[in-house]
Amino acid sequence: MQWSLEQLRAFVMAADAGSFSAAARKLGKAQSRISTAIANLEIDLGFELFDRRAKLPILTEEGKAMLVDARAILQQCQRMNSRALAVNKGTPLTFTVAMDEAVPTHTFETLFVLLSESFPDITLTILNGSQDDISTWVIEGRADIGFIYRVKPLSQSLDWNDITTVKQSVIASYDHPLAFIQNPDEDDFIKYHQLVIRDRLGYSHEKPLSPRYWHIDSYFYISSLVMRGVGWAFVPEHVIENEWLQGSIKTLSTNALSTPPLLTLSAIKRTSRNWDNVMEWFDNTLNTLFKQQA
Numbered sequence: 072m073q074w075s076l077e078q079l080r081a082f083v084m085a086a087d088a089g090s091f092s093a094a095a096r097k098l099g100k101a102q103s104r105i106s107t108a109i110a111n112l113e114i115d116l117g118f119e120l121f122d123r124r125a126k127l128p129i130l131t132e133e134g135k136a137m138l139v140d141a142r143a144i145l146q147q148c149q150r151m152n153s154r155a156l157a158v159n160k161g162t163p164l165t166f167t168v169a170m171d172e173a174v175p176t177h178t179f180e181t182l183f184v185l186l187s188e189s190f191p192d193i194t195l196t197i198l199n200g201s202q203d204d205i206s207t208w209v210i211e212g213r214a215d216i217g218f219i220y221r222v223k224p225l226s227q228s229l230d231w232n233d234i235t236t237v238k239q240s241v242i243a244s245y246d247h248p249l250a251f252i253q254n255p256d257e258d259d260f261i262k263y264h265q266l267v268i269r270d271r272l273g274y275s276h277e278k279p280l281s282p283r284y285w286h287i288d289s290y291f292y293i294s295s296l297v298m299r300g301v302g303w304a305f306v307p308e309h310v311i312e313n314e315w316l317q318g319s320i321k322t323l324s325t326n327a328l329s330t331p332p333l334l335t336l337s338a339i340k341r342t343s344r345n346w347d348n349v350m351e352w353f354d355n356t357l358n359t360l361f362k363q364q365a
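Residue numbering for the sequence shown follows the working numbering, starting at 72 and increasing by one per position.
Below, the structure written as structure tokens:
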């Protein structure tokens, strides 16, 4: 069979437009050229696609079936063209984002919705991990960009860009002794177990305030244990907005603490990796989203 994309376009347009003349107008071609293209396609396929006995051509049963395949072929060709254009513009075909599980969920969900609209042909992979996990993935090239809460110096193989500061809350269960103190101070906090974030490898962690503490590698698991009365903890504000925590934990006053609990959210990439337009888009869009929320 020697059918061509031009023949498929003529066939699909004629089916959509309802006539060969209407298809010709939409494609900017002579009607004879459309008629010839469809006739040659029918010869190549070995059967008629349209019944021409009526005033307007009507798809045959075979034509209806072939229309589905023709559309799929043209759509695949369009995707191929889009990918080729993207590469020529400096857009990667695949992109991997590694991020801390406790990044502001709503903001990043909005970010990925916008990404799908701005780069519809990109194949995206999203990984979750701790600071050391993410740093390793970026250094090794397993991730193109990473989003972490910086709690220790980074490797010289990495560049970073601070995006925003994230406020933390101090939480405890409603029946925890701290929950009954209006403005607990450091002397109050050090009396009780603190649940402290750390990375999975144990190389970096938040400095505990209390001498009695547990290290845990997930803010969500920390929150779950706080809910069960195991201890108190600092967690990002947006974490405690999750529905499953509502009504189960109390946010404690931090007025008596010497410094406000803040986290710095940063984007990281390999020093040797050049900025492409997707990475620049991530940087600009995230900064815009956080400014809108400020």
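Yeah, the Cβ is synthetic: ideal placement off N, Cα and C, and Gly gets one too. Keep in mind that this is a model prediction, so the values were computed, not measured.
Beta carbon of residue i nearer than 9 angstroms to that of residue j
i	j	result
residue 120	residue 105	no
residue 74	residue 122	no
residue 165	residue 195	yes
residue 301	residue 264	yes
residue 319	residue 304	no
residue 226	residue 297	no
residue 360	residue 181	yes
residue 218	residue 174	yes
residue 241	residue 322	yes
residue 324	residue 255	yes
residue 167	residue 197	yes
residue 308	residue 364	no
residue 145	residue 76	yes
residue 286	residue 299	no
residue 349	residue 183	no
Pick from the options that is closest to residue i, judged by C-alpha positions
i	options	result
residue 140	124, 82, 306	82
residue 204	303, 224, 170	170
residue 329	346, 258, 362	258
residue 212	80, 343, 313	343
residue 336	223, 286, 253, 260	223
residue 185	352, 363, 364	352
residue 340	216, 255, 316, 97	216
residue 125	306, 327, 89, 136	89
residue 127	91, 149, 135, 96	91
residue 358	286, 80, 179	179
residue 327	253, 315, 220	253
residue 288	338, 136, 172	172
residue 232	354, 97, 136	354
residue 199	299, 290, 101, 285	290
residue 142	80, 191, 220, 356	80
residue 261	284, 246, 133	284
residue 209	338, 292, 149	338
residue 356	187, 251, 315	187
residue 135	97, 87, 347	87
residue 149	133, 97, 107, 192	192
Inter-residue CB distance, residue i and residue j (contact presumed, cutoff 8 angstroms)
i	j	result
residue 112	residue 78	4 angstroms
residue 206	residue 229	6 angstroms
residue 267	residue 248	Not confirmed; about 19 angstroms, so no contact.
residue 94	residue 85	4 angstroms
Residue i, DSSP secondary structure in three states
i	result
residue 149	helix
residue 124	coil
residue 338	strand
residue 378	Here the chain comprises residues numbered 72 to 365, so residue 378 is not present and cannot be evaluated.
residue 321	strand
residue 315	helix
residue 77	helix
residue 273	Annotation note: pLDDT 47 at residue 273 (below 50); position unreliable, no value reported.
residue 98	helix
residue 131	coil
residue 166	strand
residue 280	coil
residue 267	strand
residue 301	coil
residue 328	coil
residue 285	strand
residue 174	coil
residue 360	helix
Check: residue i C-beta below 8 angstroms from any heavy atom of the ligand GTP
i	result
residue 294	In the structure on display, the ligand GTP does not appear, and there are no ligands present to speak of.
Alpha helix (DSSP H) runs contained entirely in the region 178-253, provided each spans 4 or more residues
As summarised for the region 178-253, the continuous alpha helix (DSSP H) elements at least 4 residues long and confined to that stretch are 202-211, given in chain order.
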